[in-house]
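Protein chains in written order, with this note's numbering: chain A, 1 to 200; chain B, 1001 to 1248. Just so it is clear, CB atoms sit at the ideal spot from N, CA and C, and this is done for glycine as well. Small disclaimer: the values here were computed from a predicted structure and weren't measured. To keep things clear, I will list the structure first and then write my remarks on it.
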Amino acid sequence: MPESDAARETGTPADVEQRVLAVIARAMDRPVSEVKPSSSLEFDLGAQSLDYLDIAFSLEREFRISFPRADFMERAADHFGEENLVQNGVITDLGLRLLAKGMPELDPAALKPGLKVTEVREMFVVATFVRVVQQLLAAKAAMDRTCPDCGATMAESASLPEFVCPSCGKSVPLRSGDDVMFEHVVGVADAVQADGGSRS
Amino acid sequence: MGTLDGQVALVTGGSRGIGRAICLELARDGAAVVVNYRSRNEDAEAVIAEIRAAGGRAESFAADVASEKDARALLAHTLRVYERLDVLVCNAGIVRDQLLGAMQADDWDVVMQTNVRGVFLSIREALPQMMSQRGGSIIALSSIAAERGGRGHANYVASKGAINAMVKSLAVELAPRGIRVNAVAPGIIVTEMTGRIRTFAEPEIRAQIPLKRLGQPEEVARAVRFLASPDASYVTGEILHVTGGFGV
């Protein structure tokens, strides 16, 4: 893919951040000036569960990506087993280390023993969505654009998270956001385990 | 000028019976209509031909709404063609009548798949668009049977009861985004689906209906059109009975 196409599809980090801020402002019916990367979705912007879904849908449309439906901790639980990350509703030491590594935008001071799993979502900030969008855009840019049926170069769909072959009409969906998120979790898990090994 | 001018409606199971009447009614009131069907291509083509002949806009699309892949493709097609979605009518439904003691598990499952899972998938796939538009009207076809029950169709009755419960839940869940969710519960309507019961018991059924006649698909369609339109702007979470008084 020509470099100019990649740049247009992914945008610079600053462009992506501005677009995410604008999407969240629109979803929350607030002026964009009130939305900062450090804004807490719940405490600063008043987001409720439906708002998270609305933001995910809106980001999918804005960036033509497939946004994950499960959050980082849910995906991490798939990898490690929930009992290793949460005990009696409280995040374990391993869980805290995963969060610190995998969601670096979270306030490190809040990632302390005793943190309840129900409190994690309350810690989400706008930068959380910026990071996820950047990861999804990178995953999209890395996808093979060769049509599996006819070999032509596929183009992005104008309306859906998929590539469409201009030659034969074949459509190929983008990698799901949940898959990309899982890959992120595995990468973070490897890094955390390597850190743990080097400490011991 | 119709109350649905400029709006886009998707009707699942729209090729015949009540679904067909709904497609025609919504188109008559100005909506562009996507006529979903599962297998009867000729029937669907006849519906869109009738709409187009009257100056309306319509497309057909084959999809089994119980299939996640198909439901996704159906919504994608709608958005590719019309770029918006204002009205979703979840009409696709089937019957597999049998006394429960003789009912096969497959009879139960296939009815639940189409009548409940199909509604769930259709609505879920429509939500991103409706939420971004900050509005929409979702209408599911229920049945008076959901409240009256009846011998020999526990699977169908349970599926329609599930729809009623789903409608009330979603009305609350989606109200913050301006999306209204309602159901229409027909009584005994003259369609292919009710052919068997009409053959065996029409006089007895008529006797129980205060209006002393069976309903026509167009009478159900007009109730759907009302709920779809701005005339019902303050109506959500309702089950609108179109029964001629049956069950009152």
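- Under the Cβ distance rule, S1142 (chain B) does not count among the residues neighbouring chain A, no pair being separated by less than 8 Å.
- Using a CB distance cut-off of 8 Å, D44 (chain A) does not count as an interface residue toward chain B.
- At a C-beta separation below 8 Å, F129 (chain A) has no neighbours in chain B, since its nearest C-beta there lies roughly 16 Å away.
- Remark: fewer than three beta-carbon pairs, one from each stretch, lie closer than 8 Å, so the stretch 1087-1106 of chain B and the stretch 1043-1051 of chain B are not flagged as touching.
- Judged by DSSP secondary structure, S1132 (chain B) falls within the alpha helix (DSSP H) whose first and last residues are 1118-1133.
- Checking the DSSP bridge columns, you'll see Q87 (chain A) partnered with A:V90.
- Burial state of P1186 (chain B) is buried, judged by a 10 Å Cβ sphere holding 16 or more other Cβ atoms.
- Of the other Cβ atoms in all chains shown, fewer than 16 fall within 10 Å of the Cβ of Q1104 (chain B); this residue is therefore exposed.
- Going by DSSP, L1227 (chain B) is part of the alpha helix (DSSP H) stretching over 1217-1228.
- A distance below 7 Å between beta-carbons, with the five flanking residues on each side excluded, links F129 (chain A) to the following residues of its chain, in chain order: V20, I24, I55, L59.
- Here K116 (chain A) is exposed, its C-beta having fewer than 16 other C-beta atoms within 10 Å.
- Under the Cβ criterion of 8 Å, D54 (chain A) is counted among the residues facing chain B.
- For L1085 (chain B), none of the residues of chain A pass the 7 Å Cβ criterion, the least Cβ distance being about 12 Å.
- Excluding five sequence positions before and after N1164 (chain B), the CB atoms of its chain that fall closer than 7 Å to its own CB belong to S1142, A1146, A1183, I1239, given in chain order.
- Of the candidates B:G1245, B:A1062, B:R1222, the residue whose Cα lies closest to the Cα of A1207 (chain B) is B:G1245.
- The beta carbon of C1090 (chain B) sits closer than 6 Å to the beta carbons of T1012, V1119, S1122, A1140 from its chain, once the five residues preceding and following it are set aside; these are given in chain order.
- At a cut-off of 8 Å between C-beta atoms, S1132 (chain B) counts as an interface residue with respect to chain A.
- For L50 (chain A), the C-beta contacts it makes with chain B under 9 Å involve M1131, E1173, L1174, P1176, R1177, in order along the chain.
- Using beta-carbon distances, A1062 (chain B) does not count as an interface residue toward chain A, since no partner is under 8 Å.
- Counting along the chain, S49 (chain A) sits inside the alpha helix (DSSP H) bounded by residues 49-63.
- Using a Cβ-Cβ cut-off of 8 Å, R61 (chain A) is close to P1128, S1132 of chain B, given in chain order.
- For P1186 (chain B), the uninterrupted beta strand (DSSP E) segment begins and ends at 1179-1186.
- Closer than 8 Å to the CB of A1076 (chain B) there is at least one CB belonging to chain A.
- Among the residues facing chain A, R1080 (chain B) is included, as its CB has a counterpart in that chain under 8 Å away.
- In this model, L1214 (chain B) and I1197 (chain B) are separated by some 12 Å (Cα to Cα).
- Note on geometry: alpha-carbon atoms of P113 (chain A) and A142 (chain A) lie some 38 Å from one another.
- G1136 (chain B) is bridged by DSSP to B:I1179.
- Sixteen is the threshold: since fewer than 16 other Cβ atoms of the shown chains lie within 10 Å of the Cβ of L1100 (chain B), the residue is exposed.
- Bounds of the alpha helix (DSSP H) holding V130 (chain A) are 126-141.
- The criterion of a C-beta distance shorter than 8 Å is not satisfied by R75 (chain A) and V164 (chain A).
- Closer than 8 Å to the CB of L160 (chain A) there is at least one CB belonging to chain B.
- Taking 8 Å as the cut-off, the beta carbon of E105 (chain A) is found closer than this to the beta carbon of R131 (chain A).
- Under the three-state reduction of DSSP, K116 (chain A) is assigned to strand.
- Counting of Cβ neighbours within 10 angstroms places M1131 (chain B) among the buried residues, the total reaching 16 or more.
- Residues L111, K112, P113, L115 of the same chain have their beta carbon placed closer than 8 Å to that of L96 (chain A), with the five preceding and five following residues left out of the count.
- Those residues of the stretch 60-90 of chain A placed with their C-beta closer than 9 Å to a C-beta in chain B are E60, R61, ordered along the chain.
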